[in-house]
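Residues 1134 to 1384 (this note's numbering) make up the sequence shown, in order.
For each residue, glycine too, the CB sits at the ideal point set by N, CA and C.
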Amino acid sequence: MATVIDLAPSILSANFAQLGADAKAALEGGGTVLHLDVMDGHFVPNLTIGPPVVASLRKTVPDVTFDCHLMIENADEFIPAFAEAGASWISVHQEACVHLDRTLHLIESHGCKPGVVINPATPVHMLDDVLEIVHHVLVMSVNPGFGAQHFIPYSLRKVEALAGIRESRGLGFRIEIDGGVALDTVGDIVRAGAEILVAGNAVFSQGDIRENASKLLQAARSAAAVKASPRLRRTATAPRSTKSDRHRRQT
Ligand code: DX5
Ligand code: ZN
1134 MATVIDLAPS ILSANFAQLG ADAKAALEGG GTVLHLDVMD GHFVPNLTIG
1184 PPVVASLRKT VPDVTFDCHL MIENADEFIP AFAEAGASWI SVHQEACVHL
1234 DRTLHLIESH GCKPGVVINP ATPVHMLDDV LEIVHHVLVM SVNPGFGAQH
1284 FIPYSLRKVE ALAGIRESRG LGFRIEIDGG VALDTVGDIV RAGAEILVAG
1334 NAVFSQGDIR ENASKLLQAA RSAAAVKASP RLRRTATAPR STKSDRHRRQ
1384 T
């Protein structure tokens, strides 16, 4: 079955003075999920938005999936407010949650899809026991806190590992990646098995937001199509055969 690729523009790199318009432009360009980064200045060294901003955005874009990425301590205290404000998915960091199972169930009890996030230095096996109860796993491919950082290549191994575990255990969680997703990295990311692609800098920082989103989604979907088709995969990876090669094969 073909992989469903979602582009999740991260408003962290949008112009906060025109957040609604920037978000709409990214969605018109092909964004299918809006990624909202919530930072508390404790778990990560930056401060961003809280439930009132989510609620305002919800009025501007009523129908799209809101993916709230909580980079905060004490997530349990704030989950009800984010759910009330219009979050669709809420993800919390494994490193920030002492009672992760409880927190994931709390998210679900407020009508949202629970996700778990791991930092670049956290191994995938830390999630072994919760993989059955999450809707998505978010692999951080930069250290969280800021946009426009360089993609950390070893994150790809974690995405591959998660895809393998999902297959071998017959689980259904989706795999999301966040940080440094851009035209030059998205092919490898999709080939590794990520399906929800968070992108801030590549969508909002320069040029036309709609066009940036559209090109990125197109590149991701092309990589997914090649991955899914053995015939296309051969064409993309095998060197073109020469006349003498063909001759050799026939003889
Ligand atoms: C970083 C945030 C990301 C950030 C990604 O802590 O979680 O969502 O916006 O930024 P880019 O796409 O600019 O690397
Ligand atoms: Zn994020």
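Closer than 9 Å to chain D by CB, residue i
i	result
V1359	This model lacks chain D altogether, as it is built from one protein chain only.
Beta-carbon proximity check, residue i vs residue j, cutoff 9 Å
i	j	result
V1323	A1357	yes
A1141	T1165	yes
A1158	R1343	yes
L1239	I1212	yes
V1249	K1291	no
S1146	V1359	no
G1326	L1295	yes
First and last residue of the uninterrupted alpha helix (DSSP H) at residue i
i	result
I1182	Run containing I1182: none; DSSP gives neither H nor E here.
D1209	1208 to 1218
A1346	1342 to 1361
When the options are compared against residue i, the one with the closest alpha-carbon
i	options	result
S1189	H1202, L1264, I1212, G1219	G1219
E1309	V1319, G1303, S1301	V1319
I1144	C1201, A1214, T1236, H1269	C1201
I1251	G1326, L1271, R1290, M1204	L1271
P1247	V1257, S1274, A1208, T1255	A1208
G1313	S1274, V1257, L1350	S1274
E1241	R1354, A1216, S1146, P1256	A1216
G1221	H1238, H1243, M1204	Here the sequence assigns Ser to residue 1221, which means Gly is not the residue at that position. Per the Cα distances, H1243.
I1263	R1299, I1205, E1161, V1194	According to the sequence provided, residue 1263 is Val. The question's Ile does not apply to it. Considering only alpha carbons, the answer is R1299.
I1182	T1198, H1268, A1214	A1214
D1196	A1156, H1232, N1345	A1156
G1174	D1311, M1259, E1206, I1223	E1206
Residue range of the unbroken beta strand (DSSP E) whose run includes residue i
i	result
D1200	1198 to 1204
A1158	No beta strand (DSSP E) holds A1158; the alpha helix (DSSP H) holding it covers 1152 to 1161.
H1226	1222 to 1226
H1175	Premise fails: H1175 is in no beta strand (DSSP E) and is neither H nor E.
L1140	1139 to 1142
Close beta carbons around residue i, own chain, < 7 Å, minus the five adjacent residues each side
i	result
N1179	M1172, G1278, F1279
V1137	E1328
C1230	A1208, T1236
A1346	L1140, P1142, A1159, G1162, G1163, G1164, V1336
S1377	Per-residue confidence for S1377 stands at a pLDDT of 41, beneath the threshold of 50, marking its modelled position as unreliable; no derived number is given.
Beta-carbon proximity list for residue i, same chain, < 8 Å, skipping 5 on both sides
i	result
Y1287	P1253
T1255	Q1227, E1228
Q1351	G1163
H1268	W1222, K1246, P1247, G1248, F1306, R1307
Nonlocal neighbours in the same chain, by C-beta distance under 6 Å from residue i, ignoring five residues either side
i	result
D1234	none
V1225	L1203, A1208, T1236
V1186	none
I1266	L1237
F1284	S1274, G1313, T1318
R1302	none
Any chance you could list the alpha helix (DSSP H) runs of at least 4 consecutive residues sitting entirely within the stretch 1288 to 1333, in chain order? 1288 to 1302, 1319 to 1325
To test your reading of the DSSP string, which unbroken beta strand (DSSP E) runs of 3 or more residues are found completely within the stretch 1240 to 1292? 1246 to 1251, 1269 to 1273
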